[in-house]
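Everything below concerns the one structure shown next.
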Amino acid sequence: MTDTELFLIALAIIFGLPYAIWRLGHTDYWAPLVVVRIITGIVLGPGLLGAVFPACYHAVFEPRMVQALNGVAWWGVMLFVWIAGIELDLKEVWRQRRECGTTARWRWARRCCSAPWRRQACWPGAAAGSARAATTGSSCWAWAWPARSPPCRSWCC
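Numbering-wise (the working numbering), the sequence shown opens with residue 7 and increments by one.
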């Protein structure tokens with residue numbers, strides 16, 4: 007079997023099987039198509055299908071095919087983000103700037119608290135073990151400090 011035929015068979019399985027389960031199983035009342043696709047992807051993956059029926063899994067999902075399918079998947083993610091950006095209404099974002107700002111601040115806080123050496127100064131004047139840091143109730147400060155953590159060089163980390 008050629009690579010093109012194998013690639014088309016893999017695409018037909020990936021796109022056709024979840025849709026067939028969704029339509030023929032009448033799961034649209036309790037599970038949307040995207041949920042059925044996620045569950046089917048887990049079942050078709052190496053963790054279940056590859057463990058239970060390794061010969062079937064490796065016959066269709068060879069490493070070359072998985073690499074090609076990953077390329078297609080990345081293009082799909084890029085198109086999804088591009089379409090989301092096109093549909094973004096900046097007037098609506100400005101109207102709901104408080105909620106949007108909360109989301110942006112959460113992302114900033116997660117970035118500050120993502121590594122042990124960044125946990126010591128997520129805001130100006132905060133230091134490890136300081137009273138202000140200890141009373142924030144943040145999970146950033148719940149971890150023990152490594153003995154040799156480099157200091158944070160800027161207040162935003």
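In this text, a Cβ means the ideal position worked out from N, Cα and C, and glycines have one as well.
Rounded to whole angstroms, the separation of the alpha carbons of Gly47 and Ala18 is 13 Å. The DSSP-derived three-state label of Leu14 is helix. Runs of the alpha helix (DSSP H) lying entirely within the segment 30–92 and spanning at least 4 residues, in chain order: 39–50, 55–58, 60–66 and 69–92.
Taking a contact as a CB-CB distance under 8 Å, the pair Met71 and Ala16 counts as one, their CB atoms being some 5 Å apart. Residues of the same chain with a CB within less than 6 Å of the CB of Arg29, apart from the 5 flanking positions on each side, do not exist.
One Cα belongs to Arg103, the other to Trp112, and the distance between them is close to 14 Å.
In this structure, the alpha-carbon of Asn76 lies about 14 Å from that of Phe21.
DSSP places Asp9 in the helix class (H, G or I) of the three-state scheme. Here Leu50 is buried: its Cβ has 16 or more other Cβ atoms, across all protein chains shown, within 10 Å. In the three-state DSSP reduction, Leu96 falls in the helix class (H, G or I).
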